[in-house]
Amino acid sequence: MLDRSDRLDVAVVGAGVGGLTLAIALRRRGVSVTVYEQARDHREIGAGVALSANATRLLGRLGLGDELDAVSVQPSALVFRRRDGEVIAAHPMGARYRDAFGAPFYGVHRSALQRVLVAALGDDAVRLGRRCVGVAAEPEAARIDFADGESVRADVVVGADGVHSAVRRHVAGDREPVFSGTVGYRGLVAVEHLPSLPDATPLQFWAGPRRHLLHYSIQGGAVINFLAVVRQHEWTRPGWVESCAVADAVAAFAGWHPAAIEMVSAVDEMSRWALHDHAPLRRFSAGRVVLVGDAAHAMLPHQGQGANQTIEDAIALADLLAEARPADVAAALARYDAVRRPRTRRVQRWSRLAADWLHLPDGPAAERRDARLKEAPADLAWIHDHDVQRTPSAAPA
Ligand code: FAD
Numbered sequence: 017m018l019d020r021s022d023r024l025d026v027a028v029v030g031a032g033v034g035g036l037t038l039a040i041a042l043r044r045r046g047v048s049v050t051v052y053e054q055a056r057d058h059r060e061i062g063a064g065v066a067l068s069a070n071a072t073r074l075l076g077r078l079g080l081g082d083e084l085d086a087v088s089v090q091p092s093a094l095v096f097r098r099r100d101g102e103v104i105a106a107h108p109m110g111a112r113y114r115d116a117f118g119a120p121f122y123g124v125h126r127s128a129l130q131r132v133l134v135a136a137l138g139d140d141a142v143r144l145g146r147r148c149v150g151v152a153a154e155p156e157a158a159r160i161d162f163a164d165g166e167s168v169r170a171d172v173v174v175g176a177d178g179v180h181s182a183v184r185r186h187v188a189g190d191r192e193p194v195f196s197g198t199v200g201y202r203g204l205v206a207v208e209h210l211p212s213l214p215d216a217t218p219l220q221f222w223a224g225p226r227r228h229l230l231h232y233s234i235q236g237g238a239v240i241n242f243l244a245v246v247r248q249h250e251w252t253r254p255g256w257v258e259s260c261a262v263a264d265a266v267a268a269f270a271g272w273h274p275a276a277i278e279m280v281s282a283v284d285e286m287s288r289w290a291l292h293d294h295a296p297l298r299r300f301s302a303g304r305v306v307l308v309g310d311a312a313h314a315m316l317p318h319q320g321q322g323a324n325q326t327i328e329d330a331i332a333l334a335d336l337l338a339e340a341r342p343a344d345v346a347a348a349l350a351r352y353d354a355v356r357r358p359r360t361r362r363v364q365r366w367s368r369l370a371a372d373w374l375h376l377p378d379g380p381a382a383e384r385r386d387a388r389l390k391e392a393p394a395d396l397a398w399i400h401d402h403d404v405q406r407t408p409s410a411a412p413a
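Have a look at this one:
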C-alpha cells in the first residue's frame, strides 16, 4: 500500500465516458484526480449506446451496477435478419447472456449513462469550460495549456478528449482520420411508431447489399435507438456530420422490410454522419502523457465497442496508476500500452470487417456469412468475455 505522499496527481482532459470512468476509478483508489472538460456543462448528444459485459463487469465493480440497471434495457436476444425481414439467426440474450459472460448487456441513453458517471464522480472533480490547446513535457511533470491562457501541471496527463483529441498530437503527432466509405443515419423512435417491427426487444442487425441497419431499445423499452449504415464512395466536406432530408435515408432503404422504412422515416430531423476511424497508433503514451478511448483508438461503431473499449482502458490505467509512485510512471504507462494496444487494435480491425461482412451482395459469400452468423456468440466471446482486471500483464509488477 502506498503512502498518500507517494501517490500520483493525475489530470484528465475530457469528461466523456473515458475521462469520467477513469476519474471515478482513481478516486475510489485514493488517487488525486481532476478532469478538465471543454464544454460548459455536462451534455451528451441524444442517442443510445450499447454496453457489453467486458465493460459492465467493470462498472459493476465500481459500484454502479444498480444505478446502471435502473436506466438500461437488456435486449432479449441478438437477431440477424435479411433485408426482407427473414431471420438469419437468433441467439437468446437477457439472463442467458449475463450467465454466459458474468455481467449484463445494456442498451442505455447516453445522457443517462453520463448522469450515472457524473453522480458517482462528484462535481468537485470536474472543471468545466476548460479547453486544452496543448500539452508539454517538463522535467518532473506534464503540463496542460488551456485556451484561456492558464496551465496546470500533474504527474500524469491523460488525454480522454475523444476522436479529435488535442492531447494525441503530443503522443502520436498529427493523424489523419480514415473515412470508412460508410455513412450513418442515427435516430431515436418511439416503439409505437413501428407497427411493422416483428419484435422490438432484441438487439437486431438487418443485413443487405451495401447497407445495414442496427437497432436496440432503451428507456424502459419504449424507444428504439437505430443506426442505419450505407456505403458512400467519398466524403469531401470539412465536418463529419451534415443535415439531410429524411427522404435520403428512406431512399437508401427502398425495397427493405416496412419496419426498416418506418424506422428511418420516423425522425423529424435527419443527419448524415461520416463514419471515420484512425489507423492504429504505434504508442499510447509519451513521457507522462497517455491516451484513453477514442483519442487512442477511434473505431467504427459496427461492433458497438468504442465506449466499451474506452471503459476497459480507463480501468486498466486506473489500476496501474493507483499502484504507481511518481518514479514508476514510465513503467506503469509501458504496461498499459502492452495490455491495451494489441486488444484495441484487434477490435478496431473487427469493427471494420463487420460492415464489409454485413454489406455482402446476395450470393454464395452472403450465404456463407449467414451460416457463420449462427455461431455469433462463440465468434464474439473474445470481446465480451474479456476481463481487463484479470489480464496477467495488467497486474502491477
Ligand atoms: P468522448 O465520449 O468523445 O468524450 C471526449 C470528451 O472530451 C468530450 O466531453 C469532449 O467535449 C472533451 N474534449 C474534447 N476535446 C477537448 C479539449 N481540447 N479540451 C477539453 N475537453 C475536450 N460505443 C459503444 O461502446 N457502443 C455503441 O453502441 C456505440 N455506438 C456508437 C454509434 C455511433 C454512430 C458512433 C459515432 C459511436 C458509437 N460508439 C459506441 C462509440 C463511443 O461513442 C465512443 O467510443 C466513446 O464515446 C469514446 O469515449 P471517449 O471518452 O474516448 O470520448
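Residue numbering for the sequence shown follows the numbering used here, starting at 17 and increasing by one per position. We put the beta carbon where it would ideally sit given N, CA and C, even for glycine.
Item checked: Three-state secondary structure (DSSP) of L416 -> Not covered by the structure: residue 416. The range shown for the chain is 17 to 413.
Note to self: Taking a contact to mean a Cβ-Cβ separation below 8 Å, would you say A238 touches V280 in this structure?
What the structure shows: no
Next item on the list: Run through the segment 102–163 for me and flag every whole beta strand (DSSP E) of 3 or more residues, listed as ranges in chain order.
Entry: 103–108, 122–125, 148–153, 158–162
Next item on the list: Would you decide whether V404 is buried or exposed? Buried here means 16 or more other CB atoms lie within 10 Å of its CB.
Entry: buried
Margin query: Taking 8 Å as the threshold (C-beta atoms), are A282 and H209 in contact?
Written below: yes
Next item on the list: Just confirm the distance between the C-beta atoms of A311 and G178, as a whole number of angstroms; I'd bet it's less than 8 Å.
Entry: 6 Å
Next item on the list: Can you say whether P412 is buried or exposed, counting buried as having 16 or more other CB atoms within 10 angstroms of its CB?
Entry: Confidence at P412 is low in this model, with a pLDDT of 40, below 50, so its placement is unreliable and the value that follows should be read with caution. It is exposed - the Cβ of P412 has fewer than 16 other Cβ atoms within 10 Å.
Next item on the list: Ignore the nearest five residues each way along the sequence and tell me which others in D389's own chain have a CB closer than 6 Å to its CB.
Entry: It is Leu, not Asp, that sits at residue 389 in the sequence shown. Counting only Cβ-Cβ distances below 6 Å, and skipping sequence neighbours, we find F96, I104, A105.
Next item on the list: Could you name each continuous beta strand (DSSP E) segment of 3 residues or more that falls completely within the segment 227–273, going from the start of the chain to the end?
Entry: 227–234, 239–247, 257–260
Margin query: Measuring only the C-alpha atoms, how far is D4 from E328?
Written below: Summary: the structure shown does not reach residue 4, with the chain confined to residues 17 through 413, and so no result is reported for it.
Check: Between W366 and the rest of its own chain, which residues show a CB-CB distance below 7 Å, the 5 nearest in sequence each way excluded?
Finding: Q319
Checklist line | Contact set for Y52: own chain, Cβ-Cβ below 6 Å, skip 5 residues either direction | finding: V29, R143, R146
Notebook entry, point to check: Using DSSP with H/G/I as helix, E/B as strand and the rest coil, what is D293?
Noted result: strand
Notebook entry, point to check: Under the three-state reduction of DSSP, which class applies to Q54: helix, strand or coil?
Noted result: coil
Check: Is G39 near ligand 1, judged by its Cβ being under 7 Å from some heavy atom?
Finding: The identity of residue 39 in the sequence shown is Ala, whereas the question assumes Gly. No, Cβ of A39 sits at least 7 Å from all heavy atoms of ligand 1.
Margin query: By the three-class DSSP mapping on this structure, what secondary structure does D171 have?
Written below: coil
Next item on the list: Would you mind reading off the limits of the beta strand (DSSP E) that contains V28?
Entry: 25–29
Note to self: Using a 10 Å radius around the Cβ and a threshold of 16 neighbouring Cβ atoms, would you call S167 buried or exposed?
What the structure shows: exposed
Item checked: T252, buried or exposed, once every other Cβ within 10 Å from all chains shown has been counted against 16 -> exposed
Next item on the list: Figure out for me which residue from E391, G309, R126, G118 has the closest Cα to the Cα of L297.
Entry: G309
Check: In terms of residues, what are the limits of the alpha helix (DSSP H) holding A371?
Finding: 345–374
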